[in-house]
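**Q** Residue numbers (the working numbering): 12 to 317.
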Amino acid sequence: MNELYEVAIIGAGPAGLQAAIHASRRKAATIIFGKIEKSALYRAHVENYLGLFGKKDGKEILETGLKQAQAFGAHYHPHDVVRLELGEKAFLIETEKGEIFQALTLILATGVARRKAKIKGEKELLGKGVSYCVDCDGFFFKGLPVAVIGNGSAAAHGALTLKKITSEVYLVAPKLEIPKELQEELKKSGVQILSDRPLEILGENEVEGLLLEGGKELSVKGIFIEEGAKGALQLATVLGVALDPENMTYIQVDRSQRTNLPGVFAAGDVCGPPFQVAKAVGEGCVAGLRAAEEASRRRRERTNEA
Ligand SMILES: Cc1cc2nc3c(=O)[nH]c(=O)nc-3n(C[C@H](O)[C@H](O)[C@H](O)COP(=O)(O)OP(=O)(O)OC[C@H]3O[C@@H](n4cnc5c(N)ncnc54)[C@H](O)[C@@H]3O)c2cc1C
């Protein structure tokens, strides 16, 4: 178990980095998780952000932002988070490398990236058996055969979660790249791992199967696309964070960027549109300051109890 941080930020985009700058300027022990190259800004150019004249390179903004946060004392851990849990006295954060960190407060700044598998039938059958969120929709497939498409830890964890809900689970992963322990866990679980490339999701009004390269057809009722990092919704909903009831797509926050869960804040695109850097950094600033205050209150409480 790693040391106890005061503020842990999940997401290394503009919202997370700005939150880190403000939290660490308040002298809170801060850590940022995530990959800057996965931020929506990384490959974009910005020309509507105050003080930046002309087209500015997103990658450069992020790299400078990270340097600033580190200069103020924030730690950076460039790995994805696969699990969040409310421990007895602190939040537990598990990374794709299997390391566990602890923090007194959390800021969710994971953006809205939802990588698509880009296969035939995906768009047409979205919501009719195709889903991007095992933890949101997995339960609807109790007792039914399902497939998860994806090559990383998120897909592996998704398949393991589904195995607890239903017995027939396929992991379609042409280039599976996951830590050894996770590979072993998968083997033991009974998830069927297939290395064929997925070609087409079959079905008219609902998912009826998945066609793989080579002609094999999986007869499944649900297909979960889990490409890339574990999205915000999964991490948040498992923890018990409430989503905006109007669309169930974004995290609900108040003006202090607080979620319904004490000690958990959210900022940036994950809280909904407009999807703009200016909004993301504004919310990141508020979340960083409020989380630092909350962490120092929690720290005092712990000291008094000791
Ligand atoms: C092509 C394009 C052009 C754009 N142009 C503009 C523009 O001109 N002006 C403007 O204001 N905005 C623009 N935007 C939007 C802007 O990039 C976003 O609004 C902004 O990046 C949102 O910041 P964020 O920090 O909320 O999320 P993101 O920047 O998406 O960052 C999310 C971070 O969370 C991390 N993450 C996700 N899941 C996990 C996990 N499980 N564990 C750890 N980390 C995780 C990601 O890796 C990433 O680091 C553009 C976007 C795109 C795609």
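Cβ coordinates follow ideal geometry from the N, Cα and C atoms, glycine included.
Give a yes or no on whether the C-beta atoms belonging to alanine 298 and glutamine 268 are separated by under 8 Å.
**A** Yes.
**Q** How about leucine 136: is its Cβ closer than 7 Å to a heavy atom in ligand 1?
**A** Leucine 136: no, Cβ never under 7 Å from ligand 1.
**Q** For alanine 253, which residues in the same chain have their Cβ closer than 6 Å to its Cβ, ignoring the five residues on either side in sequence?
**A** Cβ neighbours of alanine 253 beyond the five flanking positions: Gln263, Asn271.
**Q** Whose C-beta lies closer than 6 Å to the C-beta of serine 206 among residues of the same chain, with five residues either side of it excluded?
**A** Counting only Cβ-Cβ distances below 6 Å, and skipping sequence neighbours, we find Pro185.
**Q** Threshold first: 4 residues or longer. Then list the alpha helix (DSSP H) segments lying entirely within the segment 79-159, N to C.
**A** Within the segment 79-159, the complete alpha helix (DSSP H) runs of at least 4 residues are 145-148.
**Q** Return the first residue and the last residue of the beta strand (DSSP E) that glycine 295 is part of.
**A** Segment 288-316 is the alpha helix (DSSP H) holding glycine 295; no beta strand (DSSP E) there.
**Q** Would you mind working out which of Leu197, Glu192, Leu155 sits nearest glycine 169, comparing C-alpha positions?
**A** The candidate whose alpha carbon is nearest that of glycine 169 is Leu197.
**Q** Taking C-beta to C-beta, are glutamate 14 and threonine 41 nearer than 8 Å?
**A** Cβ distance not < 8 Å, so glutamate 14 and threonine 41 don't count as in contact.
**Q** Shortest alpha-carbon distance to valine 249 belongs to which of Leu182, Glu74, Gly149, Gly27?
**A** The shortest Cα separation from valine 249 among Leu182, Glu74, Gly149, Gly27 belongs to Gly149.
**Q** Residues in the same chain with beta-carbon distance under 6 Å from isoleucine 160, minus the five sequence neighbours each way, listed in chain order, please.
**A** Correct list, in chain order: Ala128, Val183, Pro209, Ile236.
**Q** Determine, using beta carbons only, whether serine 50 and leucine 77 come nearer to each other than 8 Å.
**A** In this structure, leucine 77 does not lie closer than 8 Å to serine 50 by Cβ.
**Q** On a Cα-Cα basis, can you pick out the residue from Ser35, Ala166, Thr172, Ala317 that is closest to glycine 84?
**A** Minimum Cα distance to glycine 84 is reached at Ser35.
**Q** Quick one: using the 10 Å Cβ neighbour count with 16 as the cut-off for buried, is serine 178 buried or exposed?
**A** That one is exposed.
**Q** In or out: asparagine 315 buried (at least 16 other Cβ within 10 Å) or exposed?
**A** By the neighbour-count rule (16 or more Cβ atoms within 10 Å), asparagine 315 is not buried but exposed.
**Q** How big is the Cα-Cα spacing for asparagine 5 and isoleucine 204?
**A** Residue 5 is absent from the model: the chain starts at 12 and stops at 317.
**Q** Measure the Cβ-Cβ separation of glutamate 8 and alanine 26 and say whether it is below 8 Å.
**A** Lying before the first or after the last residue shown, residue 8 is absent from the chain, which here runs from 12 to 317.
**Q** Let me check understanding here. Comparing Cα to Cα, which of Gln81, Glu96, Asp68 lies closest to valine 275?
**A** It is Glu96 whose Cα lies nearest to the Cα of valine 275.
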